[in-house]
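Below is one structure; the comments refer to it alone.
Protein chains: 4
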Amino acid sequence: MTKGLKVAVIGGGSSYTPEIVEGFIQKYDHLPIRELWLVDIEAGKHKLEIVGALAQRMVARSGLPIEVHLTLDRRRAIEGADFVSTQMRVGLLEARKWDEHIPNQYGVIGQETTGPGGMMKALRTIPVLLDICRDIEELAPNAWLLNFTNPAGMVTEAIHRYTKVRSIGLCNAPIGLQKWLSTKYETPASHIYTEFVGLNHLHWVTRIEVNGADKLPELLDKREEYSGKNVPASEWDADFLRTLGGLPSYYLKYFYMTDAMLQEQLESMKASGTRAEVVKKVEDELFELYKDPDLKEKPKQLEKRGGAYYSEAAVNLMESLHGDKRDIQTLNVPNGGTLDFLPADACIEVNCVVTGQGPLALPVTQVPEQAKGLIHAVKTYERLTIRAAVEGDRDLALQAMVAHPLVPSVSIAKQLLADMLEKNRPYLPAFFRG
Amino acid sequence: MTKGLKVAVIGGGSSYTPEIVEGFIQKYDHLPIRELWLVDIEAGKHKLEIVGALAQRMVARSGLPIEVHLTLDRRRAIEGADFVSTQMRVGLLEARKWDEHIPNQYGVIGQETTGPGGMMKALRTIPVLLDICRDIEELAPNAWLLNFTNPAGMVTEAIHRYTKVRSIGLCNAPIGLQKWLSTKYETPASHIYTEFVGLNHLHWVTRIEVNGADKLPELLDKREEYSGKNVPASEWDADFLRTLGGLPSYYLKYFYMTDAMLQEQLESMKASGTRAEVVKKVEDELFELYKDPDLKEKPKQLEKRGGAYYSEAAVNLMESLHGDKRDIQTLNVPNGGTLDFLPADACIEVNCVVTGQGPLALPVTQVPEQAKGLIHAVKTYERLTIRAAVEGDRDLALQAMVAHPLVPSVSIAKQLLADMLEKNRPYLPAFFRG
Amino acid sequence: MTKGLKVAVIGGGSSYTPEIVEGFIQKYDHLPIRELWLVDIEAGKHKLEIVGALAQRMVARSGLPIEVHLTLDRRRAIEGADFVSTQMRVGLLEARKWDEHIPNQYGVIGQETTGPGGMMKALRTIPVLLDICRDIEELAPNAWLLNFTNPAGMVTEAIHRYTKVRSIGLCNAPIGLQKWLSTKYETPASHIYTEFVGLNHLHWVTRIEVNGADKLPELLDKREEYSGKNVPASEWDADFLRTLGGLPSYYLKYFYMTDAMLQEQLESMKASGTRAEVVKKVEDELFELYKDPDLKEKPKQLEKRGGAYYSEAAVNLMESLHGDKRDIQTLNVPNGGTLDFLPADACIEVNCVVTGQGPLALPVTQVPEQAKGLIHAVKTYERLTIRAAVEGDRDLALQAMVAHPLVPSVSIAKQLLADMLEKNRPYLPAFFRG
Amino acid sequence: MTKGLKVAVIGGGSSYTPEIVEGFIQKYDHLPIRELWLVDIEAGKHKLEIVGALAQRMVARSGLPIEVHLTLDRRRAIEGADFVSTQMRVGLLEARKWDEHIPNQYGVIGQETTGPGGMMKALRTIPVLLDICRDIEELAPNAWLLNFTNPAGMVTEAIHRYTKVRSIGLCNAPIGLQKWLSTKYETPASHIYTEFVGLNHLHWVTRIEVNGADKLPELLDKREEYSGKNVPASEWDADFLRTLGGLPSYYLKYFYMTDAMLQEQLESMKASGTRAEVVKKVEDELFELYKDPDLKEKPKQLEKRGGAYYSEAAVNLMESLHGDKRDIQTLNVPNGGTLDFLPADACIEVNCVVTGQGPLALPVTQVPEQAKGLIHAVKTYERLTIRAAVEGDRDLALQAMVAHPLVPSVSIAKQLLADMLEKNRPYLPAFFRG
C-alpha cells in the first residue's frame, strides 16, 4: 500500500482524459497514484500522444510522484493494476453517427445509449469489454473495473454475467443532480439525500431531502430547471410530472414525449447534423488546444463536451473503494434483491454504500408503480441485447429490438436491424462469421 | 345439494344467453341447475324479455326441471346463488364505438379490451362490478362469480383486491385454441397439453404437446392458421415468430404490428364503421331471430357473433367447481407466486387445476424473456387503471394511459384522456363528482 | 408405444418385489409393460433369484406378455428403460441396525430416515444413487427415475442437484392417509382432498376435505386413530394438536415427543432388539415363503412388512406419467416457488398434478407458522448432509449433524459422528480416501 | 432545531441511567439535548429519585443547558419527544428469577432473553411496550423509539407489526465486538468491517475485515477470546467452529452446547443463585453509591453490571438519526428483503446505514447454510410468541414454547407453560381475563 496505486485507463486517448488527470492530482492525498497508464488502440495513437503529453505536463506541474505511461499494449497497462477505467468508443464517432441517423430515417428515436442506436453500441462494445475482462481476470484479478462506457448498464451487466471481474458501472447523472441541488439550495452535498430507482439512463429520483426536508414535490413543480445538456429541451408536462412519483431522468423524455423528441432530432439534424457530428467538431477543437505545449491544466472548453463530473464520479469511487470510506454513491451494480421484479443478476442504478470490499446496494424505500413496467420493458431489451452480443445471434437481436419500447413494430425492427447490422459490419465479427 | 343449483346471469338480456342455456341443458347431468335467473337493467328490459322467452322455450323443449326467471331485481337474482355469471356491457355498444373510434382519431389503436379503449371500458365497468360484489358478499357469500366481462383480467383483479367475493375471470381464447388443436390434430382435447403464460388478451402459449409430442415449433411455422375472428388478419412475421418462445395471443398483434393493425382499423372503419357498429348489426339480426316463437334452440347465426365457446368455458368451469373435478383449465386468477416478477395479487391468465374449493394455479415451466417486459408494462397500466377506476382519480388515469405501450406520448395521452372521459361522462360518476 | 414399456427395478431382490409385480399385472391395461428387469448386486443374488422366480410365476399365471429378466448387470437393465425404480438398501439391514442403535447409546433418537441414523443412510446411499444416475444419463436419458430409497427427500434432492435425470421421490404415507380416510368416511379417494405441506417424513396435512366438507378439525380431535406401523404408539397431546394447523406426519412424533419416543425405543430395544432386527426376521420368513414353487401370488404376510401401498404409489405414478393422466399425487419434487422460505432446488413433499411431461407442484394454500422453523431446520440438515455425501467432507457432516433438531449438542454430535462414520466405513469410501 | 432535542427515557430509574446521561454530556455538540425526561412507574419511584438526582448532579457539573425532569407521568414525558428510549423490566428482577429458575427445574435452559424464560419476558413486556406506543402515536408521532428492552428482537418486531411508531431495536453485542476488535488489532473502529447475520442474540458474524484484511479464519481459531460477561464460560469446539461460517454470538452457546450450559447453570445456581439474584445484589450496591450527594459522575462500578456500551450504542444511534450521519450500525429492524427466507416484517439484527430518515438495512453478502434452520426455528418461536402476547392466547403460547429449539418436547412445554404463566399471573392480565 505504501508503494501507491496503479491505474489503467482504457481509451486513454479520449478528450476526457485531462479531467480524470486533474481529479487524480486533486485527490492525491486520499488516492495516492503511482502509475497512470493511458492505453489506446493503433487508430487512436495520434490522439493518445497529444492528450498523453498534456497529462504529463499537468502532472509535472503538480509536482506529484505520478508516472504517466502511454501505451498501445493493453496487457502491460492492465497487469497488476488496482483500478482499470474504460472510456472508449468502439467504431468512434462515425459509428455513433449511424446509431443516431438510421433510426431517424425510419421515424424512430436515434440515440447512442438507448433504442436501436444504444443496441448497436452495445453489440459493438460488449465483446470488446469482455475481451478486456479476460486480460483483467488473468493479469489483475483483484482490480476494480470502473466502467463508463455506454450503454453503461448493459455493459456492466454483461461483465457481471460473463466474467469474474469486479466491475462497477458509472454515470455522471447522479453526481450532476447532487451538484445542481447543492447549488440550488446552497447546502453541501452531504446534507442532501437522493434515492435513485431504475436503470442507467432510465431512473426516477424518488426521494430528495435537503437538510432533512422533503423537496421532491417542489422540484416536480419546477420541471424546467433540470434538463441534460446532451438531451434536447422539450418541456415536461406539469400535470403528468406532479404524480409521477419521482423526478425523471432526462433520458426518460425519449419515452414520455417520443413524438416531440423525434421532431427535435429531425430538426436538429437538418440544422447541424447528428449529435455525433456536433461532438466531433467540439473534439477536434479540444485536441487543437491540447497540442499547445504551454497548456498544463484542463482547459475550460472541455466542460462544453457534455460529460461533466465524469472524472469526479470516477475519482470519488476509487477513493471510497481504496479507503473503505462507506459513503453513499449512486452506481450500476447487480440488483440482488433490491428490485423484487428483476432478476438478481440484472444491473440497476441504485444508491450503494461503498466499502473497501465493494459497493453494497441500499434498499429502495419506494418504487412508483408507474415506473415498473417501463423499467422491466427496457431491462428485457437489455438482457436480450446482451445475449445477442455475446452469442452473435441475429434472432435474439431481432427479439431485443422488438422488445424496446421505442421501436414501433416488428416490421420496422427488421428493417432497422438489417440496415444497422450491415453498417456496423466491421465492428460485429460475431454477426458476420459465416 | 339434492335441491339443485341456483345460477344468476347478470346481463341476462345479452345475445349470448341462448348459448349458455344450451350449455346448461347439455351438462345437466353433471351440473343440475334448478333455478336460472336472467337479470338485466331497465334499459335492457326489452332484450331480456325476448332472449328470456327463447331460453324458456329451450328449457321447455329439453324437459328438464330448470326454472328460468327473468328479473330486473339484481338482489333477488343473486340471493343464495351458487354461481353468478356476468356478461354485461356498461354503456352498451355505443360506448364501445367511442372506445374504438376516438383513439383512431389520434393515430392510436382503438380496441375495447386494451389501450385507451380498454382503459375506458375498465373505468366504466369496475365500479359496477364492485357494486354487484357488495350484493354477493351480503346475499351469496359462498357463490362463485364467473367474470366474462371485459377487460376480464382487470375486472377480476379489481374484484380480488377490493372485495371478498370468490371470483374467476374467463376468456374464450384458451378453449378456442384447444378446439382448434383438437380438430387440426384429430385428437381429443384431453390428449393435448397447452401452457399459457401472461395476462388476459396478452398471453404466449409456451408449450403445446399433442399426444406427448412437442408441436410448438411446427405451429410457430404455420402462423397463418391461428387468427382470432375479432382481430383483423395482418400476417405474423415468420422470422420473428420462430424465436418468440411461444404462440402469441392474436391480441399481441396490436403490440407487435401496431402500424399494420392501425392501418387495418382505419380502412375497416372507412369501409364498415367501427367493430362496435358491425356487432350492433349482427345483434339486431339475432334478436329478430330470437323473437320467433317457434325457435326453441340456439340459432346457428349466433356463432358469427364472435364469442365462440364462451358458454362452454363457463359451463365447464361451473361443472369442475361443483364436482371437484380437478381438471386443468386456463383461467384468470391472482398470481400468487406463479410469475415471480408480478405482485401476488395481480391477476394473470394461467393453467389451473379446478378443485371444489377453487382453482389452484399451476407453475409455469418457462417464461420467454421476450414476454416479460411487455407483460409487466401492460400490468402496470392495468394496476394504475384499477386504482383510477376505484378512486375516480384523473391523475392516476393519466399515469395509466401513459403507461400503456400503445400510447405514444404524454401529450397524446392527455388529449385522449380528456376526450374519452368527457364522452364517457354518463358512466363515470366518480370522475365527475365535483 | 405399441411395443410396450421397459421397467428396471434396482434392488429387485427386495422382499417388496412381489407387491410391485402384482401392481404391474393389475394395471396392465393402462401401463403395458413388456420388459421388467429386476437387478441386484452380487451380495443380493440369492434373494434376487428367489423373489425373481416368484415374480416369473406370478406373471406366468396372469397370462400377460411381460418378460421378467433377472440380472446383476445394471447397465443392461437400465438401457432404454422408460422407468427405473429404486428400492435398495446400501449396507443392508446390518447398517440400519447401527443407524438405530448407536444414537440410542448417546440418548438420541435412532431412526433410519431422520436424525443421525437418517444422515448415515443418506451418506451411504447418495453416492450409489448418483452412480446409477450416471448410467441413466447415458443409457436411458428419457427415463423417469422413481425413487423410494430412503431418506427419499434427500436422495431425490441430491439427484436433482447433481444429475440431469428426471427423478421423483415417493413415499407411502400420502397414499396411506388417502386409503385410511377413504375407509373411515366410506367414500372413494377421488372425493377426498388432502393438502400436504413440508418434507418427506416431515409433513403436515393442512387441508382434509371429504365430499367438500372440511374434516380437519374433527380429525385433529381423533388423534389416536392415525399412527404409522413403523412408528411406536406414543400418544399425541390433544391440546397441542388442536391448534397445530395440520395433521402431523407420524414421524413428527420424534420431534414433538422426543423424550417419550426415546423411552419407547430403549424399551423396545431391550425387549426385541432394534427395528432392523425385527424387520430382518420378517424378511427371512418372507423369503422362506417365496421359495415355495407353488406360490404364484403376493403372500398376505408381506403386508406385515410395513411398506403398505408402496407399490400402488409407484404403479399409479408410472401410469399417470405414461398416460398424461393429470391427476393429483403427493410427491417429492423440487420446491420451485412453492414454499417461499426454501430454495428453489430443495425437494419438498407436495401435491402435484402428474402430466406426461412430469409433475407440476400445486401451490400450498396455507402453511402453519408453527411448521416453518422445523421444516427449515430439517432442510438445513438435509442440504448440509447432501453436500457432505457428495464431497465426502467430515466438516460438513459435523455441521449437518449439529444442525439436526434431534441432536442435543456439538459434543454429542462429534462423538456420534466419529462412531457412526467408523461403523459405516465399508460404505463410505469418500470419507476414508486418505 | 435551534431549541434542542427532547428525550424521554422510559424506565429512567434504572441503574443504567448514569451511563446514558454521561453519553449525552459527552456528545452534546452533535446531539444538543435540551430536555431529558426520566420516567418510571410508582413502584420504581424511589430508585428514580436516587438516580435522577445523580443525573442532575452530573449535568450540573457539566455546565450544559440540559434540563433533567423526573416524573411518573409517562404521557408528559413522551409529549413532543424527539427520542424515546426504553430500558425497563416488567416484573423486576423477581420475575427474571423465575424465568431462569423454573426451566432449570425441568432440565431446560433458563435464560431471560431466549427459551421459556425469554418467552415469559416477551409476554410480560410486549403489551406494556405497545401501550407506550399508543402514547407515542398520539403525543410524539415523529419520535424515534430506541428499544433496549429485552427480548429486543421480539419487542421491536411487535412494535413494527402492531403500531405506527418508528422504532429501532438495539443491543450492546455488536458495539462490544467492535470495541474488542479495535483493542485487539489496535486500529480505530472505522477501519474494521463486520457483517452480522441473524436475529438479536442469535447472530453469526460472517465477515470481519480489519484494515481490509479478512480476519475471520484467524478469529474462528481463537475461540476462547470472545465470551460474553452474562454468559458462562463453556468452551467452543475448535473443529466445529472452524467451518461454522461465522463467529457465533455467545448466546449461541445455549443452542450448540446445551448440555454443558445447563450444567453450568445448575452449578452456578447452587453456588450463587440465579443470575437475577446476582444482578440484584450488584444493583443494590450501585444504588447505595448513587445516593452519595458528592457523586457527580458515573461510578466505575457500573461497568460490572454487564450492559457495557448500551448507552454508547444509544447515543451513537440518536446522533446518526439526528445528524443524518449515514454511518453503519448493527441494529434490529424489519427484514424487508434482506434474508430471503424470512417474512418482510420479521425483525432481524443487521448492518444498517443510519440516515436522517431512519436505518436502511444493508444486504448480507453471505448467509451460512448452517445458520438458516436455527434462525428460522427461533424466528418461528418469536412470531408465535408475539401473537400470543398480543392476543393473550394460551394455545399460541403452547405452540410457541414447543417451537423453541431448547424445549425438548410437547409434554415438558405444557408443564413449563402452566407453571410459568401461573408465576407471571400479575403481569399477564390478558392471559387471566376470564
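Residue numbers (UniProt numbering), protein chains in the order written: chain A, 1 to 434; chain B, 1 to 434; chain C, 1 to 434; chain D, 1 to 434.
We put the beta carbon where it would ideally sit given N, CA and C, even for glycine.
Since the structure is predicted, the reported quantities are computational estimates derived from the model, not experimental observations.
Residue from the options with nearest C-alpha to residue i
| i | options | result |
| --- | --- | --- |
| residue 40 of chain B | B:148, B:357, B:70 | B:70 |
| residue 167 of chain B | B:176, B:157, B:243 | B:157 |
| residue 48 of chain A | A:15, A:35, A:67, A:78 | A:15 |
| residue 119 of chain B | B:417, B:429, B:304, B:431 | B:417 |
| residue 35 of chain C | C:305, C:146, C:76, C:211 | C:76 |
| residue 422 of chain B | B:99, B:210, B:18 | B:99 |
| residue 215 of chain C | C:346, C:178, C:412, C:271 | C:178 |
| residue 57 of chain C | C:240, C:428, C:291 | C:291 |
Closer than 9 Å at the beta carbon, the chain A residues around residue i
| i | result |
| --- | --- |
| residue 326 of chain D | 190, 193, 326, 327, 328, 353 |
Where residue i falls: helix, strand or coil (DSSP)
| i | result |
| --- | --- |
| residue 178 of chain D | helix |
| residue 201 of chain D | coil |
| residue 409 of chain B | strand |
| residue 30 of chain D | coil |
| residue 69 of chain C | strand |
| residue 236 of chain B | coil |
| residue 171 of chain A | coil |
| residue 104 of chain C | helix |
| residue 109 of chain A | coil |
Partner residues on chain D for residue i, Cβ-Cβ distance less than 7 Å
| i | result |
| --- | --- |
| residue 360 of chain A | 362, 363 |
Assigned exposure category for residue i - 16 Cβ within 10 Å defines buried
| i | result |
| --- | --- |
| residue 434 of chain D | exposed |
| residue 432 of chain A | exposed |
| residue 11 of chain B | buried |
| residue 300 of chain C | exposed |
| residue 437 of chain D | For residue 437 of chain D there is no data in the structure shown, the boundaries of chain D being 1 and 434. |
| residue 344 of chain C | exposed |
| residue 366 of chain A | exposed |
Listed by chain order, chain B residues near residue i by CB distance under 8 Å
| i | result |
| --- | --- |
| residue 402 of chain A | 240, 256, 370 |
| residue 82 of chain C | Result: empty, since nearest Cβ-Cβ is about 12 Å, beyond 8 Å. |
Neighbour list for residue i in chain G, Cβ cutoff strictly below 9 Å
| i | result |
| --- | --- |
| residue 209 of chain B | Included in the structure are the protein chains A, B, C and D, with no chain G among them. |
Proximal chain C residues relative to residue i, where beta-carbon distance stays under 8 Å
| i | result |
| --- | --- |
| residue 243 of chain D | 395, 396, 398, 399 |
Beta-carbon neighbours of residue i, restricted to chain A and to distances below 8 Å
| i | result |
| --- | --- |
| residue 336 of chain D | 363 |
| residue 345 of chain B | Chain A residues near residue 345 of chain B: none, gap ~13 Å exceeds 8 Å. |
Within 8 Å of chain D by C-beta, residues of the segment 259-285 of chain A in sequence order: none
What residues in the segment 45-75 of chain A have a beta carbon less than 8 Å from any beta carbon of chain D? none
Near-chain B residues of the segment 370-385 of chain A - C-beta to any C-beta below 9 Å: Across the segment 370-385 of chain A, CB contacts with chain B closer than 9 Å involve 370, 371, 372, 373, 374, 375, 376, 377, 378, 379, 380, 381, 383, 384, in sequence order along the chain.
Just by C-beta distance, which residues in the segment 414-426 of chain B are closer than 7 Å to chain A? 414
Listed from N- to C-terminal order along the chain, which residues in the segment 116-147 of chain C have their beta-carbon within a distance smaller than 8 Å of any beta-carbon of chain B? none
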